[in-house]
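Converting from the sequence shown to this note's numbering requires adding 31 to each position, the first position being numbered 1.
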Amino acid sequence: MVIVMFFLLSSIQRNPFGTNNLLSAEDQEEVKQQKIPSLEEIVNACKDRNISLIFDLRQPPPGHPYNESFVNVTVNAILNTSISEELILWLPDDNREEVIQRAPGFKQIYGRKRMKNDTLDAVNLSYTNLSVAEIRSYRKDNISVNLFVVNEPWLFSHLWCAGATSVTSNAFQLLKDLNRPIWLMDPDNYLIIWIVADVLALIHIIWAFVIQK
């Protein structure tokens, strides 16, 4: 299981996820001293560590010098490094066919469920959009599954057991030391427990209703 981490250096000041308290004072000070790296520096760091890098681009606003060329600028920056194209996970639909032609080694990831006769290599979806059965069906067909946004160890463990390939997280510090799920249970037994619990709850409600009458 792989964790994909989104991290903005300015987050230590804005604290958008309410997680600053999870960092020690020393760690917070260290983050404040960091400079925002260039794209080439990030790509090279991933290359040196053999880490995959997922790209989910947002088009710059009108008037921005890269408003129309942001995809090509990004691809050029990647190709100017010596990173293996297999480490690049490409999510944007903009100019996808052109990107495939220029960098056929990029792993193409789609932000939608597969349709009939689709030949997808990988999907990037909210964990609420795929059931355990769908995750396992995708993996059985050799489709990689990245799920977002996963910030809790129990949820990470659940998706790990379901067979997800990777997750996107804003709480990397909570998940990075997990080398196994925090609980293990056979999926069939898990389903049986939930069914029994639902049936018992229904019986309790009916019994209470009868007693009240």
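For every residue, glycine included, the Cβ atom is placed at its ideal position computed from N, Cα and C.
* To do: Identify whether Q139 lies in helix, strand or coil by the three-state DSSP scheme.
  => strand
* Asked: Between F179 and L206, is the Cβ-Cβ spacing less than 8 Å?
  -> Taking 8 Å as the Cβ cut-off, F179 and L206 do not qualify as a contacting pair.
* **Delimiting residues of the beta strand (DSSP E) encompassing T199** => S197 to S200
* On the DSSP bridge assignment, give the partners of N177 in chain order. => N155 and S197
* Rounded straight-line distance, which links the Cα of N126 to that of Q65 -> 33 Å
* Compare the C-alpha of A153 against each of I131, E129 and L120 and name the closest. => L120
* **Delimiting residues of the alpha helix (DSSP H) encompassing L206** => F203 to L206
* For L161, which three-state DSSP category applies? -> coil
* Asked: Looking at the structure shown, is L222 part of a helix, part of a strand, or coil, going by DSSP?
  -> helix
* Asked: So is H2 buried or exposed if we call it buried at 16+ other beta carbons inside 10 Å?
  -> Absent from the model: residue 2. The displayed extent of the chain is 32 to 244, so no value can be given.
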